[in-house]
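Under full-length UniProt numbering, think of the first position of the sequence shown as 1, with each following residue one higher.
A short worksheet on the structure shown next.
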Amino acid sequence: MIAQKVAQQSLRRLAAPSGMTLSMAKFATPAAIATGRYMQMRPTSTSTTTTDPTKILAEQRLRRPVSPHLSIYRPQITWYASGLHRITGSVASGALYTFAAAYLVAPVFGWHLESASIAAAFGALPFAAKFFVKLGLAMPFTYHCINGVRHLVWDTGRFLTNKQVIQTGWAMVGLSTVSALALALL
Numbered sequence: 001m002i003a004q005k006v007a008q009q010s011l012r013r014l015a016a017p018s019g020m021t022l023s024m025a026k027f028a029t030p031a032a033i034a035t036g037r038y039m040q041m042r043p044t045s046t047s048t049t050t051t052d053p054t055k056i057l058a059e060q061r062l063r064r065p066v067s068p069h070l071s072i073y074r075p076q077i078t079w080y081a082s083g084l085h086r087i088t089g090s091v092a093s094g095a096l097y098t099f100a101a102a103y104l105v106a107p108v109f110g111w112h113l114e115s116a117s118i119a120a121a122f123g124a125l126p127f128a129a130k131f132f133v134k135l136g137l138a139m140p141f142t143y144h145c146i147n148g149v150r151h152l153v154w155d156t157g158r159f160l161t162n163k164q165v166i167q168t169g170w171a172m173v174g175l176s177t178v179s180a181l182a183l184a185l186l
């Protein structure tokens, strides 16, 4: 059936004058299209070059512009706060998992990670060393917690203007520093 329609359309094209075929193609009626008496033709590409599509894609990627994200933007508090939030979360969780794993395997290796031995070792340190150890543990924890609260406030739709984001960023840095110092001095 399809072969018969194609043959009929080919014969009609051969019988019609060449100028008339092009002008009539623009004005095909819906009935002619519905009954199959009109066939839309598109020119075909006769490229003889066979290239690897992956090479074409690689060449197109080389011609694409590269985003100048780091070279044109001025660093702001939000940029640093976002990066530090991720880093402090990773450091705090990494330290917790490392200590938990060491605590579990301590009896096998003969390590003394009991609370009493840790407290005795920490108590033997000088005051400055105790302060810096506590500050090193408290700063990532307080920063991540306070910045997490800031993100939860943002989730409610508050403090989202540029000015408020910058203000809450500096307030978060100040609060986390003060609270970490307070915890280190305990």
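All C-beta atoms in this analysis are idealised placements derived from N, C-alpha and C, irrespective of residue type, glycine included.
Bear in mind the structure is a predicted one, so any value in this text is a computation, not a measurement.
Per DSSP, reduced to three states, the secondary structure at Trp79 is helical. Within its own chain, the residues whose Cβ lies closer than 7 angstroms to the Cβ of Ala184, once the five positions on either side in sequence are excluded, are Phe131, Lys134, Leu135, Ala138, listed in chain order. Contact check between the stretch 154-164 and the stretch 102-116: fewer than three CB pairs, one atom from each, fall below 8 angstroms, which does not count as touching. Taking one beta carbon from each stretch, the stretch 119-126 and the stretch 163-179 have fewer than 3 pairs nearer than 8 angstroms; the two do not touch. Ala124 sits in coil when the DSSP states are folded into three classes, being neither helix nor strand.
Taking Leu181 as reference, the option from Gln164, Thr142, Thr168, Val149 with the minimal CA-CA separation is Thr142.
Take the alpha-carbon of Leu62 and the one of Ile56: they are about 10 angstroms apart. With fewer than 16 neighbouring CB atoms inside 10 Å of its own CB, Gly83 falls in the exposed class. DSSP places Leu113 in the coil class of the three-state scheme, outside both helix and strand. Rounded to whole angstroms, Thr168 and Asn147 show a C-alpha spacing of 9 angstroms. Within 10 angstroms of the beta-carbon of Thr156 lie fewer than 16 other beta-carbons, which makes it exposed.
Given a length threshold of 4 residues, each whole run of the alpha helix (DSSP H) inside the stretch 119-174 is given here in chain order: 127-155.
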